[in-house]
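Residue numbers (this note's numbering): 102 to 267.
In this text, a Cβ means the ideal position worked out from N, Cα and C, and glycines have one as well.
Note that the structure is predicted; figures quoted are calculated from it, not measured.
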Amino acid sequence: KVHVVNFFATWCGASRESMTLMSRMAREHGPALTIIGVNVRESERGTATIDAVSRFVAERPESFAYSVAMDAPETTPLFTHWMRGAGMYAIPTAFIIGRDGRVAWIGIAIDDGNSYPFEQALADALRDGVDIDRSRKLHAETSAQIAEYLRDREILADMDAAQARG
Numbered sequence: 102k103v104h105v106v107n108f109f110a111t112w113c114g115a116s117r118e119s120m121t122l123m124s125r126m127a128r129e130h131g132p133a134l135t136i137i138g139v140n141v142r143e144s145e146r147g148t149a150t151i152d153a154v155s156r157f158v159a160e161r162p163e164s165f166a167y168s169v170a171m172d173a174p175e176t177t178p179l180f181t182h183w184m185r186g187a188g189m190y191a192i193p194t195a196f197i198i199g200r201d202g203r204v205a206w207i208g209i210a211i212d213d214g215n216s217y218p219f220e221q222a223l224a225d226a227l228r229d230g231v232d233i234d235r236s237r238k239l240h241a242e243t244s245a246q247i248a249e250y251l252r253d254r255e256i257l258a259d260m261d262a263a264q265a266r267g
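Right, here's the structure in full:
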């Protein structure tokens, strides 16, 4: 099987958009594909409890034609080892795991304007033909953008805190 691990948060609009895409892919590709949504960063703006995330999923059955898991909000092992380990931070971020068990693609699944779109990479993975050079190029571009965002965020943190205090 090919697997997709899609990291999301319930409070994130882009994550909600990715849920629709993941459900469509799960329905289209059936038993050849396993998709797992992993809830991360929930405590940043939502209630980081299993009950809250379970309720969110249960209220949207059309958006979840796949399994959902939740990262431990206190220790964040999935976010740390998968996302940060890959130089990623933005959600939703998807990982395509090929039949050989190797990561074949990492990126923002709903970004059709990237250099190797998710749906193309997934179709390639299902045919055992991922263009690993394109995949690596996309990952390098995306992780560089995220690194820049995180640097800017750190630089602006004091200003944002002061603005929040009025």
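- Between W183 and I197, the CB-CB gap reaches or exceeds 8 Å.
- Each residue's CA atom was taken as its position, placing H240 and L223 some 15 Å apart.
- Between the C-alpha atoms of V231 and D225 there is a straight-line separation of about 5 Å.
- Note on the region 173-225: there is no whole alpha helix (DSSP H) run with a minimum of 4 residues.
- With a contact defined as Cβ atoms closer than 8 Å, I136 and N107 qualify at about 7 Å.
- In the DSSP assignment, V158 falls within the unbroken alpha helix (DSSP H) covering 151-159.
- Distance check between V204 and each of R237, L179, T177, Q221 places R237 closest, using alpha-carbon atoms only.
- For S168, the CB contacts under 6 Å within the same chain, skipping 5 residues up- and downstream, are I137 in chain order.
- Taking C-beta atoms as the reference points, S124 and S164 count as a pair closer than 8 Å.
- In the DSSP assignment, S244 falls within the unbroken alpha helix (DSSP H) covering 233-266.
- The criterion of a C-beta distance shorter than 8 Å is not satisfied by G188 and I233.
- Leaving aside the five residues that flank T111 on each side, the residues in its chain whose CB is nearer than 6 Å to its CB run, in chain order, G147, F157.
- Per DSSP, G138 is not a residue of any alpha helix (DSSP H); the beta strand (DSSP E) it occupies stretches across 134-140.
- Between E249 and the set A191, M120, E145, the nearest pair of CA atoms involves A191.
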